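Take a look at the structure below.
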Amino acid sequence: METYKMFIGGKWVESSENQVLKVLNPSTGLPVASVQSASRDDVRKAINAARNSFASGIWSRATPGDRSNVLLKVAELIEKNQDKFIKVETENSGKSIKQISGYDIPYTIDNIRFLAGACRTLEGKAMNEYVADGTSAIRREPIGAIGIITPWNYPLMMVVWRAFPALAMGNSVVVKPASYTPLTTLMLADIMKEAGVPDGVFNVITGPGSSVGEEMAKSEKLDMIAFTGSTEVGKRLSVLAASNLKKVSLELGGKAPFIVFKDANIDAAVESAIVGGLVNNGQDCANSTRYYIQEEVFDKFVSLLKNRIQKLRIGDPMDPATDMGPLISETQRERVEGYIEKGIQEGGKLLSGGERPEIPGHEKGYYINPALIYTENEDSAIVKEEIFGPVFTILKFKDYNDAISRSNDVTYGLGSSVWTSDITTAMRATRDLRFGTVWVNEHVVVPSEMPWAGYKESGHGASLSPYSLEEFTYIKHVYFDLTGKVRKDWYDQIFKG
Ligand code: NAD
Numbered sequence: 004m005e006t007y008k009m010f011i012g013g014k015w016v017e018s019s020e021n022q023v024l025k026v027l028n029p030s031t032g033l034p035v036a037s038v039q040s041a042s043r044d045d046v047r048k049a050i051n052a053a054r055n056s057f058a059s060g061i062w063s064r065a066t067p068g069d070r071s072n073v074l075l076k077v078a079e080l081i082e083k084n085q086d087k088f089i090k091v092e093t094e095n096s097g098k099s100i101k102q103i104s105g106y107d108i109p110y111t112i113d114n115i116r117f118l119a120g121a122c123r124t125l126e127g128k129a130m131n132e133y134v135a136d137g138t139s140a141i142r143r144e145p146i147g148a149i150g151i152i153t154p155w156n157y158p159l160m161m162v163v164w165r166a167f168p169a170l171a172m173g174n175s176v177v178v179k180p181a182s183y184t185p186l187t188t189l190m191l192a193d194i195m196k197e198a199g200v201p202d203g204v205f206n207v208i209t210g211p212g213s214s215v216g217e218e219m220a221k222s223e224k225l226d227m228i229a230f231t232g233s234t235e236v237g238k239r240l241s242v243l244a245a246s247n248l249k250k251v252s253l254e255l256g257g258k259a260p261f262i263v264f265k266d267a268n269i270d271a272a273v274e275s276a277i278v279g280g281l282v283n284n285g286q287d288c289a290n291s292t293r294y295y296i297q298e299e300v301f302d303k304f305v306s307l308l309k310n311r312i313q314k315l316r317i318g319d320p321m322d323p324a325t326d327m328g329p330l331i332s333e334t335q336r337e338r339v340e341g342y343i344e345k346g347i348q349e350g351g352k353l354l355s356g357g358e359r360p361e362i363p364g365h366e367k368g369y370y371i372n373p374a375l376i377y378t379e380n381e382d383s384a385i386v387k388e389e390i391f392g393p394v395f396t397i398l399k400f401k402d403y404n405d406a407i408s409r410s411n412d413v414t415y416g417l418g419s420s421v422w423t424s425d426i427t428t429a430m431r432a433t434r435d436l437r438f439g440t441v442w443v444n445e446h447v448v449v450p451s452e453m454p455w456a457g458y459k460e461s462g463h464g465a466s467l468s469p470y471s472l473e474e475f476t477y478i479k480h481v482y483f484d485l486t487g488k489v490r491k492d493w494y495d496q497i498f499k500g
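Residues 4 to 500 (the numbering used here) are what the sequence shown spells out, left to right.
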């Protein structure tokens, strides 16, 4: 079993307090590796390494073209080593090798290539004289040393979504991956070095969020924190980050509605509901979780969905035939089971699933069968709260206003989708749904070129797209006097004589 070190200032180091943490395979419950648990001193060292590299200008003053070339090299090296990335990510996250090899890794490589190219295209608006004989221009500049804290659900991808726009714009970063899934982030550090990212620009430290993450959030030496994770922790981080009013960028939880009108293609909606609901074993912030189905097509949709779920293959994530693996941990499985129980107590009817399947050879894995619950209780916890597991909450609606107002009535606002063959209904819904993304006749698609951003308690800030690059910059106004006069005319408006 491999013991990974931390990557600080271009060197691999052990925890200064000799603390290590076990990393488990969720499909067996057995350890696959161990990682360091950073001490307070280690956190400080990593932050100092980022600050020093930023101040040196070696990366922050490099041209976008030079930074782009290095990041493109990173993409190339991940691609070259993708078999190892796929194996480690599958063992560590419990997601199916089908999803990781077909989607997670190739898509992450595409994200890097997009960001590497896009950082060369950012430019200021046209310089102009908004004051007579005075020229104004805009500069976009890197912020400095940035802490990046990532969740366990897309380990490598979430680091790329947050650290790569920051790096592309010339910042230096300290990354803390989730304790459940730190391995591919640590593997990435080797690749960054090989690609030519200067020492100190990309640092990785590992350890619990409650100590290492909090230390980063409250550090007065970090200029910004970019966090992807739960809304609860995002709120806590915002408070801690007030220590030096560092910039905070938050990508938080979701509770996506999936609205099916009676004129929709029901077969297509059901196929998409499987992907929307179960991608990443139901642990995706964009997962469709609340299925609002118009009453005329309700029975058809539910019966097709039930049949479709029964055909899924739940099993060993390393088996290419497997559609769904286990949840990330026993705690997560108990949380999901708790929600199913609560949904029933609060008036819901369990239509199928929700039990622990028996997977030979994987008896200690954190498996659960997808659950289908019908409820009329709009205030039930399964309707309002993020479950983060394979639970389909099915609800019935009467008309457009009923569907949209109930869909919007949650604290989250990340992804949403609407299913209809009527263009007016589709266009109205894209306007009326208060979510950062509205899909029409689709769910979950996020091209690298488009922003992934939240409304309300799903956070603020954007991943992907040129907006994510701007997120990691300060904006500066530069003004040039063109008069050359000792005393300009407008001074008379304030002080005469
Ligand atoms: P989490 O909030 O528990 O943990 C996220 C990260 O924060 C981890 O690295 C963790 O160690 C760290 N952390 C935990 N407590 C901390 C604290 N007190 N101070 C500082 N850091 C702390 O989230 P999770 O369980 O890893 O991930 C699931 C959540 O992430 C879900 O809510 C999901 O919706 C959300 N998510 C959102 C997006 C998005 O793009 N909006 C993407 C992926 C996941």
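We put the beta carbon where it would ideally sit given N, CA and C, even for glycine. Keep in mind it's a predicted model, so treat the numbers as computed, not measured.
- Rounded to whole angstroms, the separation of the alpha carbons of residue 397 and residue 293 is 6 Å.
- In the three-state scheme derived from DSSP, where H, G and I count as helix and E and B as strand, residue 101 is classed as helix.
- Residue 492 carries a helical assignment under DSSP once its states are collapsed to helix, strand and coil.
- Rounded to the nearest whole angstrom, the CA to CA distance from residue 233 to residue 255 is 5 Å.
- A straight line joining the alpha-carbon of residue 276 with that of residue 261 spans about 8 Å.
- Ranking 487, 483, 499 and 201 by CA distance to the CA of residue 137 puts 483 first.
- The beta carbon of residue 440 is closer than 6 Å to those of 418 in its chain, skipping five residues each way along the sequence.
- For the set 337, 301, 274 and 300, the Cα lying nearest the Cα of residue 291 is the one of 274.
- Taking 8 Å as the cut-off, the Cβ atoms of residue 177 and residue 146 do not count as close.
- Here residue 325 has 99, 100, 101, 316, 317, 318 and 319 as same chain residues with Cβ atoms under 8 Å from its own Cβ, once five neighbours each way along the sequence are excluded.
- For residue 14, the enclosing beta strand (DSSP E) has its first and last residue at 14-16.
- Scanning 348, 368 and 248 for the CA closest to the CA of residue 378 turns up 348.
- Annotation: the stretch 33-62 contains the following complete segments of the beta strand (DSSP E) (minimum length 3 residues), in chain order: 33-39.
- Taken from the Cβ of residue 179, at least one heavy atom of the ligand NAD lies inside 7 Å.
- For residue 175 against residue 134, the beta-carbon gap comes to about 36 Å, at or over 8 Å, which does not count as contact.
- Of the candidates 143, 43 and 295, the residue whose Cα lies closest to the Cα of residue 404 is 295.
- Secondary structure remark: continuous beta strand (DSSP E) runs of at least 3 residues inside the stretch 146-204, in chain order: 148-152 and 175-179.
- Note on residue 336: 16 or more other CB atoms within 10 angstroms of its CB, so buried under the neighbour-count rule.
- Per DSSP, residue 438 lies in no beta strand (DSSP E) segment and is marked neither H nor E.
- In this structure, the beta-carbon distance from residue 389 to residue 479 does not fall below 8 Å.
- DSSP places residue 251 in the strand class (E or B) of the three-state scheme.
- Looking from the CA of residue 477, the closest CA among 43, 298 and 143 belongs to 143.
- For residue 484, the enclosing beta strand (DSSP E) stretches over residues 476-484.
- Runs of the beta strand (DSSP E) lying entirely within the stretch 110-147, each at least 3 residues long, are 131-134 and 137-145 in chain order.
- The residues 139, 140, 141 and 142, in chain order, have a CB closer than 8 Å to that of residue 481 in the same chain once the five nearest residues on each side in sequence are set aside.
- Rounded to whole angstroms, the gap between the alpha carbons of residue 331 and residue 25 is 14 Å.
- Within the same chain, and ignoring the five residues on either side of residue 15 in sequence, the residues whose Cβ sits closer than 6 Å to its Cβ are 8.
- Going by C-alpha positions, residue 196 is about 18 Å away from residue 116.
- Counting along the chain, no beta strand (DSSP E) covers residue 312; the unbroken alpha helix (DSSP H) around it starts and ends at 301-313.
- Burial is judged here by how many other beta carbons sit within 10 angstroms of a residue's own beta carbon; residue 28 has at least 16 and is buried.
- Short of 8 Å from the beta carbon of residue 243, and not among the five residues preceding or following it, lie these beta carbons of its own chain, in chain order: 217, 220 and 221.
- Proximity of the beta carbon of residue 299 to the ligand NAD is not indicated: no heavy atom of the ligand is located closer than 7 Å.
- Classified as buried, residue 420 has 16 or more neighbouring CB atoms from the shown chains inside 10 Å of its CB.
- Between residue 179 and residue 236, the gap from beta carbon to beta carbon reaches 8 Å or more.
- Per the C-alpha coordinates, the member of 272, 119 and 399 positioned closest to residue 445 is 272.
- Contact check for residue 93 against residue 154 fails: the beta carbons are separated by 8 Å or more.
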